[in-house]
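Data first, discussion second: the structure below is written as C-alpha cells.
Protein chains: 2
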Amino acid sequence: MSHTRSTQEVEAMVPRFQLERLLNQDQAGRRISLLGSIDGTPALLIAERAAFSTDPVHLKSFSESLDRIKNLGANDIYSWFLASTTHKPANQEVESTQPPDLKLNLISPCTEQHIKKYSQQGVRLVAETPEIYRRHVRPYMQAKREQGRLNWVFNIIEGRTEQEDVFYREQGLEGFLMLPDLNWDRKTMSGLHLLGLVERRDIWSVRDLTKEHIEWLKHMRQKLLDATVKLYPDIDQDQLKLYIHYQPTYYHFHIHVVHVALEAGATQAAGKAIGLESIISQLESMATGQGIADISLSYTLGEASELWMDIFEPLKSGNEPKISQ
Amino acid sequence: MSHTRSTQEVEAMVPRFQLERLLNQDQAGRRISLLGSIDGTPALLIAERAAFSTDPVHLKSFSESLDRIKNLGANDIYSWFLASTTHKPANQEVESTQPPDLKLNLISPCTEQHIKKYSQQGVRLVAETPEIYRRHVRPYMQAKREQGRLNWVFNIIEGRTEQEDVFYREQGLEGFLMLPDLNWDRKTMSGLHLLGLVERRDIWSVRDLTKEHIEWLKHMRQKLLDATVKLYPDIDQDQLKLYIHYQPTYYHFHIHVVHVALEAGATQAAGKAIGLESIISQLESMATGQGIADISLSYTLGEASELWMDIFEPLKSGNEPKISQ
Numbered sequence: 000m001s002h003t004r005s006t007q008e009v010e011a012m013v014p015r016f017q018l019e020r021l022l023n024q025d026q027a028g029r030r031i032s033l034l035g036s037i038d039g040t041p042a043l044l045i046a047e048r049a050a051f052s053t054d055p056v057h058l059k060s061f062s063e064s065l066d067r068i069k070n071l072g073a074n075d076i077y078s079w080f081l082a083s084t085t086h087k088p089a090n091q092e093v094e095s096t097q098p099p100d101l102k103l104n105l106i107s108p109c110t111e112q113h114i115k116k117y118s119q120q121g122v123r124l125v126a127e128t129p130e131i132y133r134r135h136v137r138p139y140m141q142a143k144r145e146q147g148r149l150n151w152v153f154n155i156i157e158g159r160t161e162q163e164d165v166f167y168r169e170q171g172l173e174g175f176l177m178l179p180d181l182n183w184d185r186k187t188m189s190g191l192h193l194l195g196l197v198e199r200r201d202i203w204s205v206r207d208l209t210k211e212h213i214e215w216l217k218h219m220r221q222k223l224l225d226a227t228v229k230l231y232p233d234i235d236q237d238q239l240k241l242y243i244h245y246q247p248t249y250y251h252f253h254i255h256v257v258h259v260a261l262e263a264g265a266t267q268a269a270g271k272a273i274g275l276e277s278i279i280s281q282l283e284s285m286a287t288g289q290g291i292a293d294i295s296l297s298y299t300l301g302e303a304s305e306l307w308m309d310i311f312e313p314l315k316s317g318n319e320p321k322i323s324q
Numbered sequence: 000m001s002h003t004r005s006t007q008e009v010e011a012m013v014p015r016f017q018l019e020r021l022l023n024q025d026q027a028g029r030r031i032s033l034l035g036s037i038d039g040t041p042a043l044l045i046a047e048r049a050a051f052s053t054d055p056v057h058l059k060s061f062s063e064s065l066d067r068i069k070n071l072g073a074n075d076i077y078s079w080f081l082a083s084t085t086h087k088p089a090n091q092e093v094e095s096t097q098p099p100d101l102k103l104n105l106i107s108p109c110t111e112q113h114i115k116k117y118s119q120q121g122v123r124l125v126a127e128t129p130e131i132y133r134r135h136v137r138p139y140m141q142a143k144r145e146q147g148r149l150n151w152v153f154n155i156i157e158g159r160t161e162q163e164d165v166f167y168r169e170q171g172l173e174g175f176l177m178l179p180d181l182n183w184d185r186k187t188m189s190g191l192h193l194l195g196l197v198e199r200r201d202i203w204s205v206r207d208l209t210k211e212h213i214e215w216l217k218h219m220r221q222k223l224l225d226a227t228v229k230l231y232p233d234i235d236q237d238q239l240k241l242y243i244h245y246q247p248t249y250y251h252f253h254i255h256v257v258h259v260a261l262e263a264g265a266t267q268a269a270g271k272a273i274g275l276e277s278i279i280s281q282l283e284s285m286a287t288g289q290g291i292a293d294i295s296l297s298y299t300l301g302e303a304s305e306l307w308m309d310i311f312e313p314l315k316s317g318n319e320p321k322i323s324q
C-alpha cells in the first residue's frame, strides 16, 4: 500500500463490503469472519460482539434501553428472553433489519445464594501434595460420598432414573454408560460433549489410579471412542478429546469426551482438565506399586469453595484445616 | 411462586429493573450479571451478547446495516473500528443511548494466506510416541530452527531488538527474560499474560527435559513467580498459573505465566497446554536417566498445519512421512 488511507476513506469502505461467503464463526458464535469485496478488491471483514460497557451511566440505563424484548420461556423464578440493543429515543418505533443481539436471563425474586453464585469469585492455584491429599482431601471426599452426594450417580447406573438420557451402555467388569453433558445442545456435532461414567465404584477420582489400572484405562479409552463413533458415525476417533477433572465435580470416576472443535473453555483448562492419555503415560513411566496418589497435583479452586476455605486457605495461613487425619 | 407469570408480565418486568450494582463480567466482557430490584423485589438480570445470525439474508445485509462506524486505527491493509448494530431504516438519524456493541477488523486487499488463516480449520488429536518424536518430529524441529525461525528470539535475548518490551531480565545460568504476550492489553491485571523466555539454547521444547532438569525447572518456576509479583505487587503468587505448549509456536523453551482469573481459551486447553508443576511431578516420578522424550504426548493439530500434513496424516494413511530419519 503506497498511500495511507484516511479515516473517512476507511469508514466509507465498510458499508460497501459485498459478501461472498462466511469463512468462520467462533467465540460461541460471537465472532464471524466474512470474505467479500469492496469495489472489486478482495476483502475480509471480521466482526466481533464488543464487551459491555461497565460505565455506571450506561449500566444504569441498560435495562430501559432494551428493545424488542421477547420472552422465550419461564420456570418459577426464572425467565429468559431475546432482546436488541437500541439506538432510539424511548417510544419511537423503528423497523428492524437485524436479528436480536442480546440474550437475557431474569431471576426474580433472587436469594443470597443466587447473588453469591453470580458474583465474581477469586481463584487460587493450589499444590496438593501426596500428604495433603492423604491427610485432608481424601477424608473430605469420603465425607462427600457419605453425605449421599452420589445417589444420583448410583440411581442412573442401577437403572432407576434418567434412562432416557443414557446414550450408550455396557455392563460388566469394564462397564460404563454415556450421558450427554448439560452444556451440550445434543445437536451441534462440533460441540459434542459426553460423559463416560464407569460402573465400578472403587475409583473416586484420578487419585485412585495406579500402574495396575493401565490396561483397564486403555480399554476404557478405546470403548469410549468406539461407542462415540458408533453413536455419531460422521466423527472420526481422532476428532475426540478425552480428559478428566481434578478436582472433579463429584467423586465417582467419569471421563469427559468432547469434539476437538469444541471451543476450549474452563472445562478443558490447565489446572482443571488432565488428558486421559497423559494419565496413562504418567502411570507407564512410574515405578511398580506407584500411582497418581504419589505425585503432587496443582489445580485451581474458587475462593468460595469448601476445599479452599476448609483446607487450603488454613494451610496457607499456617492454621490446621478443619478436616484432618 | 404460586402463580405462573404470563409472557407479557415478564416482558414488562425487564425495563422496570433498577440497578443496584454489577456482580460480575465475564466471557471477555460479553456477559454481565446485574443485581437490582423490580418494584422493590430483589432481582438478577444477566445479559449476554448473542451469537451472530448466519442466515444468508442477514449476512448479506450485515455490512450495510452497521451504524456509527468509527475508525480506531489503520496500518497498511488493516483497519479496525467500533460500530453499532442498528434497528433503523437507512438514512434516518437516531439518537444513541448505548455505546457501540461491535468491533470490526477490515483487511483489504486480502490474500489467499489471509483467507486460509481466517477460514475454519479442522482439528485432529494425535499421539506422538517417543519413536514418532525421534524419527519425524525432532528432525522437523531442527529444520525449523535452521531456517532462521528463531532469529527474533536470539535478537531479543542478545539485546538487539524489542528491549522496550522486556519487562524483566535476569542473566546467567538460570537467565531468562519476561515479555508481555501479544494478546494481553498490558493494563487489565486479571488478564495478565507474560512469556518467560529462557536464555539457555539447548532446550527446544518440553521434549528435551529430563530428570536432570528438575532443580533448574523448580528454580525457574520460583524466579518467574518472584519476578511477576515484583512487577505487579497486587498479585499473589497463588494467583498465577504457569504452563508450556506442546506443540509450541517456536522451538526455544518458553513458559507462559497467566493470571488465574484469565478466562481459559485455546491457549490453556488440554491437548495444547501442560502445567509446569505437572511436568516437574512427572519427571520426579520417572526412573533415573528418563525424560519427557521417553513418554507419549497426545495433542491437537490443525489440519492445515505442516505437522499434520507432512507427518501425522501420512502416518494415519499408512504412508511414509516427508520428514523421516
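Residue numbers (numbering that gives the first Met the number 0), protein chains in the order written: chain A, 0 to 324; chain B, 0 to 324.
We treat Cβ as the ideally placed atom computed from N, Cα and C, and that holds for glycine.
Every value quoted in this text rests on a predicted model; they were computed, and no experiment measured them.
Shortest Cα-Cα distance from L21/B to any of Q17/A, I31/A and L58/A involves L58/A. Interface criterion met: the Cβ of F80/A is under 8 Å from a Cβ in chain B.
Excluding residues up to 5 positions away in sequence, I279, L282 and E283 lie with their Cβ nearer than 8 Å to the Cβ of I213/A in the same chain.
Across the structure, E276/A and T299/A are spaced so that their CA atoms are roughly 21 Å apart. Annotation: Cβ neighbours of S280/A in chain B (cutoff 9 Å, chain order): Q281, I294, S295, L296 and S297. Counting along the chain, K143/B sits inside the alpha helix (DSSP H) bounded by residues R137 to E145.
In this structure, L43/B is the residue among D180/B, L43/B and F51/B with its C-alpha nearest to the C-alpha of L103/A. Distance from the Cα of E8/A is smallest, within the candidate group L181/B, Y77/B and I254/B, for Y77/B. The DSSP-derived three-state label of A286/B is coil. Setting aside the 5 residues that flank it on each side, N23/A is surrounded in the same chain by S32, each with a C-beta closer than 7 Å to its C-beta; the list follows chain order. Scanning its chain for C-beta atoms nearer than 6 Å, with the 5 sequence neighbours on each side dropped, one finds no residue around Y231/B.
For a Cβ distance threshold of 9 Å, nothing in chain B lies close to Q221/A: the least Cβ distance comes to about 13 Å. Those residues of the region 51–76 of chain B placed with their C-beta closer than 8 Å to a C-beta in chain A are F51, S52, T53, D54, H57, L58, K59, S60, F61, S62, E63, S64, L65, D66, R67, I68, K69, N70, A73, D75 and I76, ordered along the chain. Counting along the chain, no beta strand (DSSP E) covers T53/B, and no H or E run does either. Under the three-pair Cβ rule at 8 Å, the region 186–198 of chain A counts as touching the region 239–257 of chain A. Beta bridge pairing from DSSP links E47/B with K102/A and R30/B. A residue is called buried once 16 or more other Cβ atoms fall within 10 Å of its Cβ, and K115/B, having fewer, is exposed. The DSSP assignment places 167–169 and 175–179 as complete runs of the beta strand (DSSP E) inside the region 153–181 of chain B, in order along the chain (cut-off: 3 residues).
The Cβ atoms of A73/A and R15/B do not sit closer than 8 Å to each other.
Closest by C-alpha distance to L224/B, out of P247/B, D207/B, I202/B and H258/B, is H258/B. If you look at H218/B, you'll find it isn't in any beta strand (DSSP E); it sits in the alpha helix (DSSP H) that goes I213 to L230. In this structure, the CA atom of Q26/B is about 22 Å from the CA atom of E19/B. Sorting T266/A, E305/A and G317/A by C-alpha distance to the C-alpha of K143/A places E305/A at the top.
In the DSSP annotation of this structure, the continuous segment of the beta strand (DSSP E) that includes Q17/B starts and ends at F16 to D25. Contact between G270/A and S295/A fails: their C-beta atoms lie close to 13 Å from each other, not under 8 Å. For P232/B, no CB of chain A lies under 8 Å from its own CB, so it is not counted at the interface with that chain.
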